[in-house]
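Trainee: Protein chains in written order, with our numbering: chain A, 1 to 334; chain B, 1001 to 1334. Below is a structure I'd like to ask you about.
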């Protein structure tokens, strides 16, 4: 039975990925590492329930422990999902962001190198790696130049370069993604789509005035549904080319303020938009839109979840959460 | 009196830089940090002798200590020379290389950020950042693309990206170099020019057969004399533009085997060349030649030391060292 090791398993993508693996690959032994036990409220809590799933409580900064876990498990696949993936957070704590993203990944692949494992490693990167781009550069493809413009983006670029060096120089079986902005149920409200939809839930329930707070409403991002993302990860683990990089995106750009408008129409709720100055970042990319032609051509992947469907599932998620929150803390009503 | 803090002061470039500063800037208080006390045998040992020089024994990996030293000193200038600067070493210990180069630099600039210092920081990078380039890309200029091809190069690229993020996003006063291969007296024989010249000294003294061992003799590098390098660093500290990157190079490419030929002619010593397979690296850049037009145009710097003069000064250095070594260990003769 083949074994997969997933770091950051307790997170948003981790939860969806485990749910996908357990329903699609019955012949896979799943090992997850995280600082906290999975407590997903958006997918069934699988790891502790199935025979083939194992959860290891560990801080990825505890290098000796992580190394001994990898040596003990000897995984056939490693997916490194653990990350400090918020750009805003990376501006606040750039050193932690860099350590959490780049150094942990480097320690993992160096453990694979030193122990001569043949594990296939998936290095999850970000569209933020492209950085400030001009209109002519869009849509971004894998050969587009990288101008990382925030601490998180630099950490991801360094991670990808290290992945390539390990693939080329040490013959490690690594393939890389540049994953664009995710959306989906279970994502925390530190991320923009989740934050917007959660506010609509509160407005609908009368516990927030009809004002949606956002950062810079004009910036454009390419949002891809987490279900599409994990299908791509699954494909890349078995069919991705060693040392190659693949964009994972929807191919469509959406301005943040247009997402508010879309929710407003979909839910038939009139709102005002308030742009919070404090949420506007020191440097920001005005528009990011990706091209998924490479992964489509090489592996046949394409995104299949319509954006409105993503918004509805996120709405359902927050509606249930807010319901629970209100039962626990009824004083939080307006 | 202005204060300068130099990390890695005990090293090759550190020694030459301190010697230069003490002879050119009498109004500067010099603080040096290193794991080992300066024991330069190629310049006068200045820091312990002059009133304005202070040496701090510290391991740069000891982050709390380095932070408190920076806060205590409050330097006007910071030059980060401490590095694990050997490409060959970086293939052997990629994690250490990355920590020593990128993480230490990040901790330093983050200390400057958190304490609101106005220090001008010089981020010393490398020509290795350019990576595998084609003939059409030569000579390399600052807008040339970066394709780092070894762990050391990746660490330097990450460092430069971080420097730019800190300059742009946090308004830190950082300027960056891409310094090409150095040569000069005092450089260890882990570096190729030093290794070649040292062997010629041994051949001349009859303690080595007339065979010069090198790695890949066909690779071409741009060697710039350390005296020219430190003049550039001194200029950049006062006149370099914030957030900008400057090549520091000779503008001339030299094949390793041609350096052997040049030494052979200069010294009138006939030798054979032996290419050591074990010294050939997993991935290597065939040719690296830089352009120094930007720093010449902006700051008026250009290299002034002829390569033959560099070779002669390195020869004199090794001749004295070998003399001392033979007196201490006379059994090392052939």
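Glycine included, C-beta positions come from ideal geometry on N, C-alpha and C. No experiment lies behind these values; they were computed from the predicted model shown.
Compute the Euclidean distance between the alpha carbons of residue 285 (chain A) and residue 149 (chain A), then round it to the nearest angstrom.
Mentor: Residue 285 (chain A) sits at position 285 when you count from the first residue of the first chain. Residue 149 (chain A) sits at position 149 when you count from the first residue of the first chain. Their Cα atoms are separated by approximately 8 Å.
Trainee: Pick out the complete alpha helix (DSSP H) segments inside the segment 27-104 of chain A, 4 residues or longer, and give them in chain order.
Mentor: 63-73, 87-92 and 94-98
Trainee: How about residue 147 (chain A) and residue 132 (chain A): are their beta carbons less than 8 Å apart?
Mentor: The residue given as residue 147 (chain A) occupies position 147 in the first chain. The residue given as residue 132 (chain A) occupies position 132 in the first chain. Judged by beta-carbon spacing, residue 132 (chain A) lies within the 8 Å limit of residue 147 (chain A), meaning their Cβ atoms are closer than that value.
Trainee: Checking 8 Å against the spacing of the C-beta atoms, do residue 110 (chain A) and residue 1094 (chain B) come in under that value?
Mentor: Sequence index remark: in the first chain, residue 110 (chain A) carries index 110 (1-based). Sequence index remark: in the second chain, residue 1094 (chain B) carries index 94 (1-based). Going by C-beta atoms, residue 110 (chain A) is nearer than 8 Å to residue 1094 (chain B).
Trainee: Quick one: grab the DSSP three-state call for residue 275 (chain A).
Mentor: In the first chain, residue 275 (chain A) corresponds to position 275, counting from 1. Three-state result, residue 275 (chain A): strand.
Trainee: Can you give me the C-alpha to C-alpha distance between residue 1139 (chain B) and residue 243 (chain A), rounded to a whole angstrom?
Mentor: Here residue 1139 (chain B) is taken as the residue at index 139 of the second chain, counted from 1. Here residue 243 (chain A) is taken as the residue at index 243 of the first chain, counted from 1. Their backbone Cα atoms lie some 28 Å apart in a straight line.
Trainee: Under DSSP, the alpha helix (DSSP H) around residue 238 (chain A) begins and ends at which residues?
Mentor: Along the first chain, read from residue 1 onward, the residue named residue 238 (chain A) stands at position 238. First-last of the alpha helix (DSSP H) with residue 238 (chain A): 226-239.
Trainee: Whose C-beta lies closer than 7 Å to the C-beta of residue 137 (chain A) among residues of the same chain, with five residues either side of it excluded?
Mentor: In the first chain, counting from the first residue as 1, residue 137 (chain A) sits at position 137. For residue 137 (chain A), where only same-chain residues beyond five positions count, the Cβ hits under 7 Å are 144.
Trainee: Where residue 1048 (chain B) and residue 1194 (chain B) are concerned, what is the direct C-alpha to C-alpha distance, given to the nearest angstrom?
Mentor: Position 48 of the second chain, counted from the first residue, corresponds to residue 1048 (chain B). Position 194 of the second chain, counted from the first residue, corresponds to residue 1194 (chain B). Because residue 1048 (chain B) sits at a pLDDT of 47, beneath the cut-off of 50, its placement in the model cannot be relied upon, and the following sentence gives the value as read from the coordinates. Cα to Cα, the separation comes out at about 27 Å.
Trainee: At 7 Å on the CB atoms, spell out the chain B contacts of residue 161 (chain A), in chain order.
Mentor: On the first chain, residue 161 (chain A) is found 161 positions in, with the first residue counted as 1. Under the 7 Å cutoff, chain B gives 1148, 1154 and 1157.
Trainee: What did DSSP end up calling residue 1261 (chain B) once you bin it into helix, strand or coil?
Mentor: Within the second chain, numbered from 1, the residue matching residue 1261 (chain B) stands at position 261. For residue 1261 (chain B), the three-state secondary structure derived from DSSP is helix.
Trainee: In angstroms with no decimal places, state the Cα-to-Cα distance between residue 71 (chain A) and residue 33 (chain A).
Mentor: Locating residue 71 (chain A) in the first chain gives position 71, counting from the first residue. Locating residue 33 (chain A) in the first chain gives position 33, counting from the first residue. One C-alpha to the other measures close to 14 Å.
Trainee: Measure the CB-CB distance between residue 1157 (chain B) and residue 1210 (chain B) and report whether it falls below 8 Å.
Mentor: By 1-based counting over the second chain, the position of residue 1157 (chain B) is 157. By 1-based counting over the second chain, the position of residue 1210 (chain B) is 210. Against a cut-off of 8 Å, the Cβ pair of residue 1210 (chain B) and residue 1157 (chain B) comes out as no contact.
Trainee: Going by CA-CA distance only, name the one from B:1078, B:1056, B:1061 and B:1036 that's closest to residue 1028 (chain B).
Mentor: Counted from its first residue, the second chain places residue 1028 (chain B) at position 28. Of all alpha-carbon atoms in B:1078, B:1056, B:1061 and B:1036, the one lying nearest the alpha-carbon of residue 1028 (chain B) is that of B:1078.
Trainee: Does residue 13 (chain A) come out as helix, strand or coil in the three-state DSSP assignment?
Mentor: Sequence index remark: in the first chain, residue 13 (chain A) carries index 13 (1-based). Three-state DSSP puts residue 13 (chain A) in a helix.
Trainee: Under DSSP, the alpha helix (DSSP H) around residue 288 (chain A) begins and ends at which residues?
Mentor: The count along the first chain starts at 1 and reaches residue 288 (chain A) at position 288. Going by DSSP, residue 288 (chain A) is part of no alpha helix (DSSP H) at all; its letter is neither H nor E.
Trainee: Would residue 1100 (chain B) count as contacting chain A if we go by Cβ distances under 8 Å?
Mentor: Locating residue 1100 (chain B) in the second chain gives position 100, counting from the first residue. No, residue 1100 (chain B) does not count as interfacial toward chain A.
Trainee: So, is residue 334 (chain A) buried or exposed, given that buried needs 16 or more other C-beta atoms within 10 angstroms?
Mentor: Start at 1 with the first residue of the first chain, and residue 334 (chain A) comes out as number 334. Because residue 334 (chain A) carries a pLDDT of 48, less than 50, the predicted location of this residue cannot be relied on, and the following value inherits that uncertainty. Counting Cβ neighbours within 10 Å, residue 334 (chain A) comes out exposed, since fewer than 16 surround it.
Trainee: Output, in chain order, the set of chain A residues within a Cβ distance shorter than 8 Å of residue 1145 (chain B).
Mentor: To locate residue 1145 (chain B), count along the second chain from 1; it is residue 145. By Cβ distance, chain A contributes 145.
Trainee: For residue 222 (chain A), count neighbouring Cβ atoms within 10 angstroms of its own Cβ and tell me buried if that reaches 16, exposed if not.
Mentor: Locating residue 222 (chain A) in the first chain gives position 222, where the first residue counts as 1. Buried.
Trainee: Given a cut-off of 8 Å on the beta-carbon distance, is the pair residue 1020 (chain B) and residue 154 (chain A) in contact?
Mentor: Counting from one through the second chain, the residue named residue 1020 (chain B) turns up at place 20. Counting from one through the first chain, the residue named residue 154 (chain A) turns up at place 154. Result no, Cβ atoms of residue 1020 (chain B) and residue 154 (chain A) do not sit closer than 8 Å.
Trainee: Tell me the DSSP secondary structure of residue 1334 (chain B) in three-state form.
Mentor: Walking along the second chain from the start, residue 1334 (chain B) turns up at place 334. With a pLDDT of only 48 at residue 1334 (chain B), under 50, the local geometry of the prediction cannot be trusted, and no value is derived from it.
Trainee: Below 8 Å on the Cβ atoms is my contact criterion, and I expect residue 1226 (chain B) with residue 1182 (chain B) to pass it. Report the Cβ-Cβ distance as a whole number of Å.
Mentor: Taking the first residue of the second chain as position 1, residue 1226 (chain B) is located at position 226. Taking the first residue of the second chain as position 1, residue 1182 (chain B) is located at position 182. Confirmed, Cβ separation roughly 5 Å.
Trainee: Between the Cα of residue 1120 (chain B) and those of B:1005, B:1219, B:1290 and B:1255, spot the shortest distance and give me the residue it belongs to.
Mentor: Translated into positions along the second chain, residue 1120 (chain B) becomes position 120. Checking every option, the nearest Cα to that of residue 1120 (chain B) belongs to B:1005.
Trainee: Mind the definition here: the segment 1078-1091 of chain B touches the segment 1121-1130 of chain B only if three or more C-beta pairs lie below 8 Å; say whether that holds.
Mentor: yes
Trainee: What are the residues in the segment 69-100 of chain A lying within 8 Å of chain E by C-beta distance?
Mentor: In the displayed structure, chain E is absent; the protein chains listed are A and B.
Trainee: Got a sec: is the Cβ-Cβ distance from residue 339 (chain A) to anything in chain B below 8 Å?
Mentor: There is simply no residue 339 (chain A) to check, as chain A begins at 1 and stops at 334 in what is shown.
Trainee: CB-CB under 8 Å to residue 255 (chain A), same chain, minus the five flanking residues each way: which ones, in chain order?
Mentor: For the purposes of this step, residue 255 (chain A) is taken as residue 255 along the first chain, with counting starting at 1. 217, 218, 219 and 220.
Trainee: Any beta carbon from chain A within less than 8 Å of residue 1106 (chain B)'s own beta carbon?
Mentor: Here residue 1106 (chain B) is taken as the residue at index 106 of the second chain, counted from 1. True, the Cβ-Cβ gap to chain A drops below 8 Å.
Trainee: Would residue 1285 (chain B) pass as an interface residue toward chain A - the criterion being a Cβ-Cβ separation below 8 Å?
Mentor: Counting from 1 along the second chain, the entry for residue 1285 (chain B) is found at position 285. Cβ-Cβ to chain A under 8 Å: no for residue 1285 (chain B).
Trainee: Can you say whether residue 1097 (chain B) is buried or exposed, counting buried as having 16 or more other CB atoms within 10 angstroms of its CB?
Mentor: As a working mapping, residue 1097 (chain B) is identified with position 97 in the second chain. Classification for residue 1097 (chain B): buried.
Trainee: Mark residue 1276 (chain B) as exposed unless 16 or more other C-beta atoms lie within 10 angstroms of its C-beta, in which case mark it buried.
Mentor: Working through the second chain from its first residue, we reach residue 1276 (chain B) at position 276. Around the beta-carbon of residue 1276 (chain B), fewer than 16 other beta-carbon atoms lie within 10 Å, marking it exposed.
Trainee: Just reading off the alpha helix (DSSP H) that residue 1202 (chain B) is part of, what are its end residues?
Mentor: Along the second chain, one-based indexing puts residue 1202 (chain B) at 202. 1192-1204 is the span of the alpha helix (DSSP H), which, as asked, contains residue 1202 (chain B).
Trainee: Counting Cβ pairs, one atom from each stretch, are 3 or more of them under 8 Å apart for the segment 320-331 of chain A and the segment 1002-1017 of chain B?
Mentor: no
Trainee: If we ignore side chains and look at the alpha-carbon of each, how far apart do residue 81 (chain A) and residue 163 (chain A) end up?
Mentor: Here the question's residue 81 (chain A) lines up with position 81 in the first chain. Here the question's residue 163 (chain A) lines up with position 163 in the first chain. Distance between the alpha carbons of residue 81 (chain A) and residue 163 (chain A): 14 Å.
Trainee: Is the Cβ of residue 169 (chain A) closer than 8 Å to any Cβ of chain B?
Mentor: Translated into positions along the first chain, residue 169 (chain A) becomes position 169. At least one CB of chain B lies nearer than 8 Å to the CB of residue 169 (chain A).
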